[in-house]
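Input: a single structure, listed below in structure tokens.
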Amino acid sequence: MENKRNYVIDFDSTFTQVEALDILGEISLNGDKNKSEKLEELKSLTDRGMEGGLSFRESLVQRLKLLNAKKEHLQPLIDTLKTRISTSFVRNEAFFIENKEDIYIISNGFKEFIIPIVQELGLKADHVFANDFVFDEADNIISFNKDNVLSSNNGKVEQLKSMDLQGDVYVIGDGYTDYEIKAAGLANKFYAFTENVERDSVLQKADHITPSLDEFLYMHKMNKAISYPKNRIKVMLLENIHPDALKMLKNEGYNVSIYTGAMDEEELSEKIKDVSVLGIRSKTQLTKKVLDNANRLIAVGAFCIGTNQIDLEECLKKGVAVFNAPYSNTRSVVELAIGEIILLMRNLPDKISKMHDGNWDKSASNSFEIRGKKLGIVGYGNIGSQLSILAEAIGFDVYYYDLVEKLALGNATKCNSLEELLKNSDIVSLHVDGRKENKDLISEKQFKQMKKGVIFLNLSRGHVVEIEALQQNIESGKVRGAGIDVFPEEPKTNNDTFQSPLRNLPNVILTPHIGGSTEEAQVNIGNFVPGKIIDYINTGGTTNSVNFPNLQLPILENAHRLIHIHLNRPGIIAKINKILAAHDINIVGQYLKTNETIGYVITDIDKAYNTEVVKELKKIEHTIKFRVLY
73 MENKRNYVID FDSTFTQVEA LDILGEISLN GDKNKSEKLE ELKSLTDRGM EGGLSFRESL
133 VQRLKLLNAK KEHLQPLIDT LKTRISTSFV RNEAFFIENK EDIYIISNGF KEFIIPIVQE
193 LGLKADHVFA NDFVFDEADN IISFNKDNVL SSNNGKVEQL KSMDLQGDVY VIGDGYTDYE
253 IKAAGLANKF YAFTENVERD SVLQKADHIT PSLDEFLYMH KMNKAISYPK NRIKVMLLEN
313 IHPDALKMLK NEGYNVSIYT GAMDEEELSE KIKDVSVLGI RSKTQLTKKV LDNANRLIAV
373 GAFCIGTNQI DLEECLKKGV AVFNAPYSNT RSVVELAIGE IILLMRNLPD KISKMHDGNW
433 DKSASNSFEI RGKKLGIVGY GNIGSQLSIL AEAIGFDVYY YDLVEKLALG NATKCNSLEE
493 LLKNSDIVSL HVDGRKENKD LISEKQFKQM KKGVIFLNLS RGHVVEIEAL QQNIESGKVR
553 GAGIDVFPEE PKTNNDTFQS PLRNLPNVIL TPHIGGSTEE AQVNIGNFVP GKIIDYINTG
613 GTTNSVNFPN LQLPILENAH RLIHIHLNRP GIIAKINKIL AAHDINIVGQ YLKTNETIGY
673 VITDIDKAYN TEVVKELKKI EHTIKFRVLY
């Protein structure tokens, strides 16, 4: 007979995303002129107590003294904590309901707020072991019950000893006091829970690090709430991707690691070997060599507009879906373009520089209004068209050129050739994509076609302008001013030196690829891209993928979903259906879309399948990837 299992779970920063006394401080210290300093001290005391750097009792005494809390503060605390239960705990509510007889909450926190919270997930009040507040006649919290063993140092160990649990004991927590239970020989294993907080001193003591409850349940073959082990999906985010993306992906249950800078080909080839999802911005090059090492890669998120840094065709051949954020930073780029045009038309970069050097150069020479000037927009996509609207609103005459037929917005004038646009424009602004054909789109030939004294902007891609030609035309005066945000070669990190022949040229604005780098844009991107990746993993939907056939799929209900990616060859779907029919499996829904390279088939079936079905589907000739959503 299998041994009885007992689950001992911590409360603060484990059952909930936060330390309850820190939240109580936010409530009780409201209006205190020293609130910020006291909250910072409160957090420090909490961390030192959890990491073992300060005795627990001393930490508790000092924290309660700082709080100045009353009984009336407890209900707002409970209301807040109910909204801050750990995401993976809520996701796996069935585990708590089914195992409530064997789950114990043992905490150095307080019963007054712990019991109402854990009951939200069906746990028993008499299985909560925690401290008790002591109140005075005016309902001020003045102390704690010092006779309660959990108020003492090593209190959790003593509590477990008194309970004398029979069978296996597994401890899940984030603090040093949780490790002490295992160290005392009272538990089979200690699992360091890192969904909400990571404490290095605790991680070093753990038998296993569990980034979410999903990981624990998966290891013990108990995971019923999720269709596949999300905790085994490793996500790697590079280049300072917005914290919202990290939060969304961690809340989904994925195992996420972050790196602030880009990686070169060699480093990325090594790091990507066990990665399922990669998130990058514009500096990281996802090459064939890197992809050849990406054995588990499912999806790539480009947290930017462009995808020319990604070998899209190779991703397609390997069954890796790529998603980007084509609209999220449009407004930010447009505002930068308009701002730079105004600065350059007024010759302000030079005037500003002179002022910082102490030179007072008050003059209207080479300083012009934008009203009535002809703005030529090369590339009339999301950014170019929005620039057109705003530019016209502030007085520009707008001209545009695009290889694809695009309807003019407002009073913009369509040009039939790039040469026509260049000859007529006072300002030329590039907003083209990064396709290989656009390399050196603007070179010496095109500069010769421009007006003398033209203002030139490139906020699109670095390789579309021949830099040496631009340099020579600035130095000759043909180009009176330039705003350049993108370059053929860019530093990989903020610590690397920027080198360019455009440095220190007159009336030139150089910016470090920040066209879309506003807080608003990064929030938009940080939410949009993870949403698409999560939808792809959860449903197989590929809406807005830049390389996969686009399929919008319904949420899976009462069925199993089989996802088959294959080279686009005749007869594949027939082979899939033949295998399912041979195993007497009925198809309740099927979706197919292809492009020149691959076919993407989603099949929903109404009954359980065996491993032999999966093996046969994977063996179909020309199969690239196959996965199952239960």
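Just so you know, we're using the working numbering here: the sequence shown kicks off at 73 and counts up by one.
For glycine and all other residues, C-beta sits at the position ideal for the given N, C-alpha and C.
From a predicted model like this one, the values you see are computed outputs, not experimental measurements.
Beta-carbon within less than 7 Å of residue i's beta-carbon, same chain only, minus the 5 sequence neighbours each way: which residues are those?
i, result
"PRO573", "ILE539, GLU540 and GLN543"
"LEU323", "The question names Leu, but residue 323 is Asn in the sequence shown. If we look at ASN323 and ignore the five residues flanking it on each side, its Cβ neighbours are THR159."
"LYS355", "GLU311, ALA334, GLU562 and LYS564"
"MET294", "PHE167"
"THR583", "ASP557"
"VAL190", "PHE87, ILE177 and VAL200"
Spatial neighbours of residue i within its chain, please: C-beta separation below 6 Å, excluding the five flanking residues on both sides.
i, result
"MET320", "PRO602"
"THR86", "GLY245, ASP246 and PHE265"
"GLU688", "ILE651"
"SER404", "GLY588, THR590 and ALA593"
"THR683", "none"
"LEU709", "Coverage of the chain is limited to positions 73 through 702, which leaves residue 709 absent and any answer about it impossible."
"LYS142", "ASP211 and ASN212"
"ASN599", "ASP316"
"ALA297", "With a pLDDT of 43 at ALA297, under the threshold of 50, the predicted position of this residue should be treated as unreliable, though the coordinate-derived value follows. Result list for ALA297: ARG163, ASN164 and ALA166, in chain order."
According to the neighbour-count rule (16 or more other Cβ atoms, all chains shown, within 10 Å of its Cβ), is residue i buried or exposed?
i, result
"MET427", "exposed"
"ASP286", "buried"
"THR332", "exposed"
"PRO626", "exposed"
"PHE620", "buried"
"GLY444", "exposed"
"ASN658", "exposed"
"THR379", "buried"
"TYR79", "buried"
Rank the options by C-alpha distance to the C-alpha of residue i and give the top, closest one.
i, options, result
"TYR432", "LEU420, GLY448 and TYR263", "At residue 432 the sequence reads Trp, which differs from the Tyr that was named. Considering only alpha carbons, the answer is LEU420."
"ASN454", "ASP422, THR565, ILE413 and ALA397", "ALA397"
"ASP211", "MET335, TYR290, LYS254 and ASN140", "ASN140"
"GLY411", "LEU529, GLN381 and LYS254", "LEU529"
"ILE178", "LEU237, PHE167 and LEU149", "LEU237"
"ILE499", "SER127, GLU477, ALA554 and SER617", "ALA554"
"ILE377", "ILE674, TYR399 and LYS478", "TYR399"
"ASP82", "THR669, SER215 and ILE187", "ILE187"
"VAL133", "GLN147, HIS145, LYS143 and THR118", "THR118"
"ALA409", "ASN260, ILE556 and ASP272", "ILE556"
"HIS145", "GLU629, VAL190 and ILE213", "ILE213"
"ASN630", "GLN624, HIS655, VAL660 and ASP656", "VAL660"
"PHE262", "THR152, ALA278 and MET417", "ALA278"
"ALA255", "LYS233, LYS434 and GLN147", "LYS233"
"ILE352", "ILE313, LEU149 and SER329", "ILE313"
"GLU547", "THR569, SER341 and LEU577", "LEU577"
With respect to the beta strand (DSSP E) encompassing residue i, which residues constitute its N-terminal and C-terminal limits?
i, result
"VAL551", "551–556"
"GLN662", "659–666"
"ARG633", "632–639"
"VAL241", "240–245"
"ARG533", "Careful: ARG533 lies outside any beta strand (DSSP E) and carries neither H nor E."
"LEU582", "580–582"
"ARG77", "77–81"
"LYS697", "695–701"
"TYR215", "Contrary to the premise, residue 215 reads as Ser rather than Tyr in this sequence. Where SER215 is concerned, the enclosing beta strand (DSSP E) stretches over 213–216."
Which residues bound the alpha helix (DSSP H) around residue i?
i, result
"ASN185", "In the sequence as presented, Asn is not what sits at residue 185; that position holds Phe. Run containing PHE185: 183–190, per the alpha helix (DSSP H) assignment."
"SER425", "420–428"
"ASP469", "Element bounds for ASP469: not the alpha helix (DSSP H) but the beta strand (DSSP E), 469–473."
"TYR290", "285–291"
"PHE72", "With the chain covering only 73 through 702, there is no way to say anything about residue 72."
Output needed for residue i: all residues of its chain with C-beta closer than 8 Å, excluding positions within five of it in sequence on either side, in chain order.
i, result
"ARG129", "SER223, SER224 and ASN225"
"LEU114", "LEU93, ASP94, GLY97, ARG135, LEU138 and LEU139"
"GLU192", "LYS154 and ILE157"
"GLY395", "The question names Gly, but residue 395 in the sequence shown is Phe. The residues are ALA371, VAL372, GLY373, ALA374, VAL601, LYS604, ILE605, TYR608, ASN616, SER617 and VAL618."
Thinking residue i and residue j are a contact (beta carbons under 8 Å), I'd like their distance in whole angstroms, please.
i, j, result
"ILE645", "LEU664", "6 Å"
"VAL551", "VAL504", "Going by Cβ atoms, the distance from VAL551 to VAL504 rounds to 18 Å, so no, they are not a contact pair."
"SER501", "LEU462", "Between LEU462 and SER501 the Cβ distance is about 12 Å, and since that is not below 8 Å, they are no contact."
"ILE635", "ILE670", "12 Å between Cβ atoms; not a contact."
"TYR672", "ILE637", "6 Å"
"VAL241", "ASN260", "6 Å"
"ASP469", "LYS486", "Not quite, the Cβ-Cβ distance comes to about 13 Å (not below 8 Å), so this is no contact."
"THR359", "ASP383", "6 Å"
Hey, is residue i close to the ligand MG, as in C-beta under 6 Å from one of its heavy atoms?
i, result
"VAL221", "Among the components modelled here there is no ligand, and therefore nothing to report on the ligand MG."
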